[in-house]
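The sequence shown runs 1236 to 1488 under my numbering.
Have a look at the structure below, then the notes.
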Amino acid sequence: MARSVKDAALLLEIMSATTGLVQACDESRALKIGVVRSWLTGHSATDALFDSALSKLAKAGVTLVEVALKAPGDDVGSDEYEVLLHELFDEMGAYLSKRADTSLKSLAHLVAYNSAHKESELKYFAQELFDKAIKLGGRNNAYKAKRARNLAWAQRTLAKGFTDVDVLIGATYSPAWVSTLGKGDDYGDNSWITMAPAIAGTPIGTVPMGITEGLPVGLGVVAKANDEIVLVSALAQIERALDLGFLKPTFIK
1236 MARSVKDAAL LLEIMSATTG LVQACDESRA LKIGVVRSWL TGHSATDALF
1286 DSALSKLAKA GVTLVEVALK APGDDVGSDE YEVLLHELFD EMGAYLSKRA
1336 DTSLKSLAHL VAYNSAHKES ELKYFAQELF DKAIKLGGRN NAYKAKRARN
1386 LAWAQRTLAK GFTDVDVLIG ATYSPAWVST LGKGDDYGDN SWITMAPAIA
1436 GTPIGTVPMG ITEGLPVGLG VVAKANDEIV LVSALAQIER ALDLGFLKPT
1486 FIK
């Protein structure tokens, strides 16, 4: 997160020990941008801002191409969810096993401790995700099958999307939702724009496209694998075309 695309590019250059990202912010390379309509949020005000952003991009001379991508089925989401739980089992255990200041050395130990001290540890939230992770186990054969299916879906989806464009864009999330003790997250509306890039490990960035309900909402940009320079260039060009300056949220629900 940064104040501008150029600031984000500078941070990424330093963290990744790469060059060319900051320079890409000032370039006006010709790009074909794929507009993915299935990457809308279903939140009317957010999606209206996305349409407004498209109008500004068109007026700025950006080449926009409609790209049709099919939303994932429930099976894809289930695989993604359980892959993360399998990995949680392993990674939490690896983390705890290296801690010298605790006798809790595994996820099972942590669950047992929470259960034994439920008045304090489970006062506001349960631990059903930990329970499910223990039931699923770590990176076993079931995990490998789910991960393989998930990755294949993500790679097919992105390959289809990038057939004739340089980057893909869509809306990301509706205004940030409220999270409270006891009730947890009151999830807002969101698109599935982050899903395939997250699974496949391909670059994605977001620039603000306006404010609704007092909070900023973003326009997401997805690039091809290892194409961060094109991603940064596209983000910077979109930022200039939208010309929103610094948005000031009011946090009014």
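Idealized CB from N, CA, C, for every residue including glycine.
GLY1373 is not a Cβ neighbour of ILE1404, given a cutoff of 8 Å. Counted as a single uninterrupted DSSP element, the beta strand (DSSP E) harbouring GLY1445 occupies residues 1439–1447. Listed as beta-bridge partners of LYS1267 by DSSP are THR1298.
SER1350 and LEU1331 have their C-alpha atoms some 18 Å from each other.
Boundaries of the alpha helix (DSSP H) around VAL1311: 1309–1332. THR1337 carries a coil assignment under DSSP once its states are collapsed to helix, strand and coil. For LEU1339 and LYS1367, the gap between their C-alpha atoms comes out near 18 Å. Taking the Cβ atoms as the reference, ARG1391 lies roughly 17 Å from VAL1318, outside the contact range of under 8 Å. When C-beta atoms of the stretch 1395–1412 are compared with those of the stretch 1460–1476, three or more pairs fall below 8 Å, so the two segments count as touching. Cβ neighbours of PRO1432 within its own chain (closer than 6 Å, five residues either side excluded): ILE1439 and VAL1457.
The shortest C-alpha to C-alpha distance from THR1429 to any of ALA1295, GLU1315 and ILE1446 is the one to GLU1315. By the criterion of at least three beta-carbon pairs nearer than 8 Å, the stretch 1263–1271 is in contact with the stretch 1294–1308.
The beta carbon of LEU1299 sits closer than 7 Å to the beta carbons of ILE1268, VAL1270, LEU1289, LEU1292 and ALA1293 from its chain, once the five residues preceding and following it are set aside; these are given in chain order. Minimum Cα-Cα distance from GLN1362 among the listed residues TYR1378, HIS1344 and ALA1476 corresponds to HIS1344.
Scanning its chain for C-beta atoms nearer than 8 Å, with the 5 sequence neighbours on each side dropped, one finds around LEU1247 the residues THR1253, LEU1256, GLU1463 and VAL1467, in chain order. Residue pairing by DSSP puts ALA1406 in a beta bridge opposite LEU1454. GLY1419 sits exposed, since fewer than 16 C-beta atoms from the chains shown fall within 10 Å of its C-beta. Within the stretch 1360–1437, complete alpha helix (DSSP H) segments of at least 4 residues are found at 1363–1371, 1376–1396 and 1430–1435, given in chain order.
LEU1416 places its beta carbon 8 Å or farther from that of PRO1451. In this structure, the alpha-carbon of LYS1241 lies about 22 Å from that of GLY1436. By the 16-neighbour rule on beta-carbons within 10 angstroms, PRO1410 is buried. Taking 8 Å as the cut-off, the beta carbon of ALA1244 is found closer than this to the beta carbon of CYS1260. One alpha carbon belongs to ALA1237, the other to TYR1378, and they sit about 36 Å apart. ALA1394 places its beta carbon 8 Å or farther from that of SER1426. Under the three-state reduction of DSSP, ASP1462 is assigned to coil, being neither helix nor strand. Distance check between VAL1346 and each of GLN1258, MET1327 and ALA1335 places MET1327 closest, using alpha-carbon atoms only. In the three-state scheme derived from DSSP, where H, G and I count as helix and E and B as strand, GLU1262 is classed as coil.
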